[in-house]
Structures are given as structure tokens and as C-alpha cells.
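Asks: Residue numbers (my numbering): 10 to 199. Cβ atoms here follow ideal geometry from the backbone N, Cα and C, with glycine treated the same way. Being a predicted model, the structure only gives us computed values, none of them experimental.
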Amino acid sequence: DQAPVLITGETGVGKELVARHLHLGGLRSNGAFSPINAGAMPETLAASELFGHVKGAFTGSVAEREGAIALADGGVLFLDEIGDMPLSIQTHLLRVLEDGMVTKLGGKTPEKVDFRLISATNVNLQENVCAGKFRADLFYRINVLIIDVPPLRERGDDVIEIAEWMIANQGDERNRKLRLEAHHQHVDRH
Numbered sequence: 010d011q012a013p014v015l016i017t018g019e020t021g022v023g024k025e026l027v028a029r030h031l032h033l034g035g036l037r038s039n040g041a042f043s044p045i046n047a048g049a050m051p052e053t054l055a056a057s058e059l060f061g062h063v064k065g066a067f068t069g070s071v072a073e074r075e076g077a078i079a080l081a082d083g084g085v086l087f088l089d090e091i092g093d094m095p096l097s098i099q100t101h102l103l104r105v106l107e108d109g110m111v112t113k114l115g116g117k118t119p120e121k122v123d124f125r126l127i128s129a130t131n132v133n134l135q136e137n138v139c140a141g142k143f144r145a146d147l148f149y150r151i152n153v154l155i156i157d158v159p160p161l162r163e164r165g166d167d168v169i170e171i172a173e174w175m176i177a178n179q180g181d182e183r184n185r186k187l188r189l190e191a192h193h194q195h196v197d198r199h
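(1) Would you kindly work out how many angstroms separate the C-alpha atoms of His62 and Glu173, rounded to a whole number?
(2) So, does the CB of Asn131 fall closer than 7 Å to a CB anywhere in chain D?
(3) Considering only residues of the same chain and omitting the five flanking positions on each side of Ile91, which have a CB-CB separation below 6 Å?
(4) If you follow the beta strand (DSSP E) that Arg125 is part of, which residue opens it and which one closes it?
(5) Using DSSP with H/G/I as helix, E/B as strand and the rest coil, what is Ser97?
(6) Using three-state DSSP, classify Ile104 as helix, strand or coil.
(7) Decide if the stretch 158 to 176 is in contact with the stretch 16 to 30; the criterion is three or more beta carbon pairs, one per stretch, under 8 Å apart.
(8) Whole angstroms are fine: how far does the CA of Ala49 sit from the CA of Gly83?
(9) In terms of alpha-carbon separation, which member of Tyr149, Gly40, Ile98, Pro119 lies closest to Ala56?
(10) Buried or exposed: which applies to His32, given that a residue is buried once 16 or more other Cβ atoms fall within 10 Å of its Cβ?
(11) Considering Asp146, what are the terminal residues of the alpha helix (DSSP H) in which it resides?
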């Protein structure tokens with residue numbers, strides 16, 4: 010339950026849903042699930058979101074804040090779109106993965122953290138390593154257990170099962186039960 014997991018697939022295939030199910034089915038299900046979109050933020054904000062910061066670490070930091078890594082202690086850190094993470098943040102993340110310690114921005118005292126890392130990407134990380142956009146050492150650190158989530162167009166009859174599961178778990182606002190019925194098209198051959 011400690012091994013890092015890398016979930017790959019196109020945008021919108023449900024990588025975070027897979028990560029949440031891994032968390033709920035794992036030994037750390039009682040711990041937090043701490044998700045962060047690793048590539049959607051500017052570098053400084055991404056560092057603060059991941060590692061936290063102390064009061065006065067940068068303009069506008071009026072209070073100390075825990076980062077996603079500290080919040081994941083005892084649970085799971087989910088880094089969505091890790092392939093878009095800035096290189097400088099990758100370096101700091103690698104350090105945390107190697108020594109199990111995180112230091113807040115502007116802080117001096119590292120804190121011990123224990124979490125399982127689940128990452129997701131819609132880009133080919135191997136190509137990004139070759140292009141110098143992703144650290145090779147981080148790639149090998151997170152590329153331990155790989156789950157590739159295919160798009161619905163490649164899922165065949167799974168689509169029906171997925172739709173039935175969604176309907177069974179959603180219903181509608183009046184708590185009516187919804188169900189799928191086969192739709193047969195009548196073709197008049199005259």
C-alpha cells in the first residue's frame with residue numbers, strides 16, 4: 010500500500026475517481042485524501058499549495074498554512090496532471106519523496122510526513138523526460154505501479170455498466186430510480 014501509483018489517460022477519463030477508489034480500498038483509507046492539480050497553478054502558488062508556508066514567506070502570506078503534503082500525512086497525496094508540474098517544484102517533491110520530510114516555504118524546520126503518492130497525467134512522461142520537461146529521477150520514483158485508464162470510446166460494453174452504476178448511484182432530485190432500457194430502432198423494409 011506504500012508503492013506510488015501513476016494513473017495515465019486522456020483528460021476526462023476519470024483518473025481522480027480511480028485514485029479515490031484506490032485510497033478507499035487501501036490501508037490508508039482512514040487517512041486524508043489530499044488532491045492537488047499539480048500543473049494548473051503558477052510556480053509560487055504551486056509551491057505554497059504543496060509544501061505550505063509560514064507567515065510572511067511571501068507577499069500576502071498573512072498566516073501560516075499547511076500544504077497538501079502535510080495534509081496527506083497518514084493518507085494519500087493525489088497529484089493530478091503531474092506532467093505539467095514546473096521543474097523547480099519537481100525537484101522539491103523529489104526531495105520529500107526521498108527523505109520523507111517537508112519544509113514550508115519560508116520555514117526552517119522540516120516536518121516528517123508519511124503518505125502514499127498517487128499521480129495522474131494525460132501526457133507521455135517518458136517523452137517529457139526526453140524533452141527535458143520532466144525530471145528522470147522523479148519519473149522513475151513515481152512510475153512504479155501504472156494504471157492506464159482508456160477513454161470511453163475504447164471501453165466497449167463497459168460503457169453500459171458504467172452508465173448503469175452512475176444511474177443507480179445518482180437517481181434524480183426526487184429520489185426516483187432511473188434505469189436503462191435497450192433502444193431498438195424499427196426499420197420498415199417496404
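Replies: On the basis of the supplied data:
(1) Their Cα atoms are separated by approximately 44 Å.
(2) This model lacks chain D altogether, as it is built from one protein chain only.
(3) So the list reads Ala47, Ser128, Thr130, once near-sequence residues are dropped.
(4) Under the DSSP assignment, Arg125 falls in the beta strand (DSSP E) whose first and last residues are 125 to 130.
(5) Helix.
(6) According to the sequence shown, residue 104 is Arg rather than Ile. Of the three classes helix, strand and coil, the one that applies to Arg104 here is helix, per DSSP.
(7) Put simply, the stretch 158 to 176 touches the stretch 16 to 30. At least three CB pairs are less than 8 Å apart.
(8) One C-alpha to the other measures close to 25 Å.
(9) Of Tyr149, Gly40, Ile98, Pro119, the residue nearest in Cα terms is Ile98.
(10) For His32, the number of other beta carbons within 10 angstroms of its own is at least 16, and it is reported as buried.
(11) Boundaries of the alpha helix (DSSP H) around Asp146: 145 to 151.
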